[in-house]
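If you read the sequence shown in my numbering, its first letter stands for residue 56, the second for the next number, and so on.
Note that beta-carbon positions come from the ideal geometry of N, C-alpha and C, so glycine has one too.
Every value quoted in this text rests on a predicted model; they were computed, and no experiment measured them.
Below is one structure; the comments refer to it alone.
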Amino acid sequence: MKRNFISALFFGLILLLASATINAQDKTNYLLFVRDDGLGAVGYLDHSGAFVQTQAFAPGSFAPNWTRVVSAENGVLFYRNDGLGAVGQIDREGQFTTTYSSTSFAANWTHIVSTGRNLLFVRYDGLGAVGHINRDGQFVQTQSFPAGSFAPGWTHIVPTNDGILFYRAGDGLRAIGRIDVNGHFTTTESGVFSAGWTTITSTGKDLLFYRNDGLGAIGHINRNGGFVQTQAFPAGSFAAGWTHIVDTGRYLFFYRASDALAALGRIDGNGQFTTVQSWEPGVFYTDYDKIIEISGSLLYYRADGFAPLEYFDYAGGFNSTAVFGFSENWTHIVKVSQ
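What follows is the structure in structure tokens.
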């Protein structure tokens, strides 16, 4: 936000170590930073909102150009489109260790989706696989599907508490599936939605559908694996061109990077959306490319390293906690829950 902040922390190419103020057992959400040149760092936010770095890696410490870095139960999966893959774990002291590596992953996975325990891999041609990271940090594949097993060209694959939604924006094709305790995927429903949804955001229970012209809808996956719509909004009901819609745990935060238009809303127990607060351009800074939820707070990151932290109170008001000057051009900033 454009206002004074409580604290500031600046670090350049390698992040500078901040002093720790809480004990190791309080570190539950680490942040893993990875850049295309192999630069990396690990840290966490303490109870006062200060960033505490626990580890730093020089350029080249990680393999370059990871396509996806995905947090799951028991570790973090790294994947590159040429089939290189790796797994790492962060211990209770915030130290990252690589536990697994392989060059035998399929190339060009389009989606790698974490459901918590399981990882679902889907490629544009319908190839698919399911696996997980075990307690020793090893990747274990539990199911594979040949090309054509899934419909091709899914644009969105979104996990919820009760299933995984597949959606294809070009024609509105949709499907729902689940992964059982043995790591096997089953399709539970298929059908058609409106075409052209730009963003589908999960709150765990509910799904918010948004299209760039302001069309919107709310729904959820029921216990039987079917989709239930609870609310619909005509085009123009939402502002156009939202670039980020982020679940904070209590609210959904809407942000438009070009001019910093912003809004806050919530979905109630009946699946009904209400706008709580809105901000005109000029209140937030522009051009954030990453917004990460951490224990109810939001960390904003811009490619030049500017990174404010804030949280929203019960009335929907924002509270600025800190502003950080991180290294530039982090490709991935991943929350890793311990």
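Residue i versus residue j - alpha carbon distance
i	j	result
T210	A224	6 Å
L132	F248	31 Å
L71	D217	Unreliable positioning characterises L71 in this predicted model, as indicated by a pLDDT of 33, which lies under 50. A coordinate reading is not provided.
V125	Y265	24 Å
Y310	N279	34 Å
R135	A370	43 Å
G320	T258	12 Å
R357	V107	19 Å
Q80	E365	Confidence is the limiting factor: at Q80 the pLDDT is only 34, short of 50, which leaves the residue's position unreliable, though a coordinate-based value still follows. Taking the straight line from one Cα to the other gives about 23 Å.
I347	A287	27 Å
T303	L354	11 Å
L262	P289	17 Å
G38	W252	This structure does not reach residue 38, given that the chain is present from 56 up to 393, and the question cannot be answered.
A230	T243	8 Å
D359	S204	42 Å
P214	Y222	12 Å
S394	T241	Within the shown structure, residues of the chain are numbered from 56 to 393, placing residue 394 beyond reach of any answer.
W334	F282	33 Å
D314	K345	15 Å
L307	I300	7 Å
L270	T158	43 Å
T152	A272	42 Å
N78	N374	Note on N78: pLDDT 34, under 50, position unreliable in the model; no value is reported.
D91	W385	8 Å
I167	T122	10 Å
H102	Q332	26 Å
P363	Y85	17 Å
8 Å contact criterion, which residue i and residue j should meet: CB distance rounded
i	j	result
A294	D268	Incorrect: roughly 10 Å between the Cβ atoms, too far for contact.
R305	F361	With a Cβ gap of about 25 Å, R305 and F361 do not count as contacting.
Q196	G186	4 Å
F181	P207	Contrary to the premise, residue 181 reads as Gly rather than Phe in this sequence. Confirmed, about 5 Å.
F117	G93	4 Å
Y179	T165	5 Å
F112	A127	The pair is not a contact, with the Cβ atoms about 21 Å apart (cut-off 8 Å).
N120	N189	The pair is not a contact, with the Cβ atoms about 27 Å apart (cut-off 8 Å).
Q284	G291	Not a contact, Cβ separation roughly 19 Å.
Identified DSSP bridge partners for residue i
i	result
A230	F221 and S245
D302	L307
K390	L86
R147	DSSP output for R147 lists no bridge partner at all.
S169	L174
K260	Partner(s): none; K260 has no beta bridge.
Q193	Its beta-bridge partners do not exist; DSSP assigns none.
H211	Y222
F288	G271
P363	V378
A317	Y310 and W334
Proximity below 8 Å, CB of residue i to CB of residue j
i	j	result
V177	H387	no
F160	G143	no
I255	L100	no
D146	A162	no
L87	V391	yes
I276	L316	no
A312	T298	yes
T83	G98	no
G404	T376	In the structure as shown, the chain starts at 56 and stops at 393, and residue 404 therefore has no counterpart that could be examined.
Any 3 or more C-beta pairs closer than 8 Å across the segment 319-326 and the segment 337-347: no
Kindly confirm or deny that the segment 168-180 and the segment 234-241 touch, where touching means at least three C-beta pairs closer than 8 Å. In short, these stretches touch, since the Cβ pair count reaches three.
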